[in-house]
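Going letter by letter, the sequence shown gives residues 6 to 187 in the working numbering.
All C-beta atoms, glycine included, are put in the ideal place defined by N, C-alpha and C.
In this text the structure is predicted, and so the values were computed from the model without any measurement.
Working notes, beginning with the structure itself.
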Amino acid sequence: HEVAHVALGIPADHAAPSWSYARRSPGEIACDIFAAELLLPYKLFKPRVDAADMGFAAVGELADEFEASLISTGSRYATFSRELCAFVLSEGGKVRYCARSTSLRTARAWVRPGMDLPADSLSARMRAGAAPTGSEEAEPDQWFEDWDRDGSLYEDARHFGQWDQTVTLLWFDDDDLPPPQI
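Structure below.
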């Protein structure tokens with residue numbers, strides 16, 4: 006991140022807390038993206054994503070292997086995945102960022118920034134203090150805007166109370182989603 010400030014000529018703006026995604030300036034976000042590209046390069050990271058199981062255990066192992074943050078790794082994991090998956094960062098119970106795989110973007114699955122975590126989701130329960138129990142089935146229409154298709158969606162999540170941030174990994178167990186209803 007700090008190398009990016011120098012390489013990109015972006016002055017540091019550390020007025021907002023470094024842990025807060027919602028209050029970060031565009032320059033700080035650009036430096037985070039630069040750092041992710043540097044630490045998790047496509048050519049090295051993509052084959053590891055393709056070989057990994059779906060879930061936060063795999064994301065955590067890759068974060069350790071590449072010496073990157075769980076948030077950066079989760080975002081890149083979803084972006085590079087062949088699976089129908091998304092990585093969601095929420096802060097204060099509201100979605101702030103979502104990275105989606107190409108196949109999920111093609112399926113037009115959209116997680117709206119600013120939406121509340123779905124009330125009965127694993128992510129919301131973990132934010133409320135529940136211990137991690139592993140992945141569980143989730144309701145696609147609670148996460149994806151204007152969703153009217155079937156499919157088995159799974160959710161895995163982690164909550165970081167000191168920052169009131171929740172990270173969520175969503176994925177469909179099906180290789181293909183049914184087409185939208187007309």
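Could you tell me the distance, in whole angstroms, from the CA atom of residue i to the CA atom of residue j?
i           : j           : result
residue 187 : residue 155 : Caution applies to residue 187, whose pLDDT of 47 falls short of 50 and renders its modelled position unreliable; the value that the coordinates give is listed next. Straight-line Cα distance between these residues: approximately 14 Å.
residue 96  : residue 56  : 30 Å
residue 133 : residue 18  : 32 Å
residue 46  : residue 119 : 29 Å
residue 39  : residue 86  : 20 Å
residue 62  : residue 162 : 10 Å
residue 72  : residue 49  : 13 Å
residue 110 : residue 30  : 26 Å
residue 32  : residue 16  : 8 Å
residue 35  : residue 178 : 33 Å
residue 112 : residue 164 : 28 Å
residue 103 : residue 80  : 8 Å
residue 153 : residue 146 : 7 Å
residue 135 : residue 58  : 24 Å
residue 148 : residue 142 : 12 Å
residue 166 : residue 65  : 18 Å
residue 52  : residue 108 : 17 Å
residue 125 : residue 168 : 21 Å
What are the residues that DSSP puts in a beta bridge with residue i?
i           : result
residue 72  : Note: residue 72 sits in no beta bridge, so no partner.
residue 99  : 96, 121
residue 91  : 105, 175
residue 158 : 143, 177
residue 163 : 172
Confirm the yes/no value for this check: CB of residue i, any heavy atom of the ligand FMN, distance under 7 Å.
i           : result
residue 167 : This structure lacks the ligand FMN; in fact it carries no ligand of any kind.
If contacts are defined as beta-carbon pairs under 8 Å, then residue i and residue j qualify, I think. What distance do you get, rounded to the angstrom?
i           : j           : result
residue 82  : residue 54  : 6 Å
residue 78  : residue 106 : Not a contact, Cβ separation roughly 15 Å.
residue 172 : residue 75  : 7 Å
Using 8 Å as the threshold, is the C-beta distance between residue i and residue j below it?
i           : j           : result
residue 175 : residue 158 : yes
residue 114 : residue 129 : no
residue 117 : residue 150 : yes
residue 137 : residue 131 : yes
residue 160 : residue 127 : yes
residue 69  : residue 98  : no
residue 140 : residue 60  : yes
residue 170 : residue 94  : yes
How far does the beta strand (DSSP E) with residue i in it reach, from first residue to last?
i           : result
residue 171 : 170-177
In the DSSP assignment, find the unbroken alpha helix (DSSP H) run with residue i in it and report its ends.
i           : result
residue 129 : 127-132
residue 50  : 47-56
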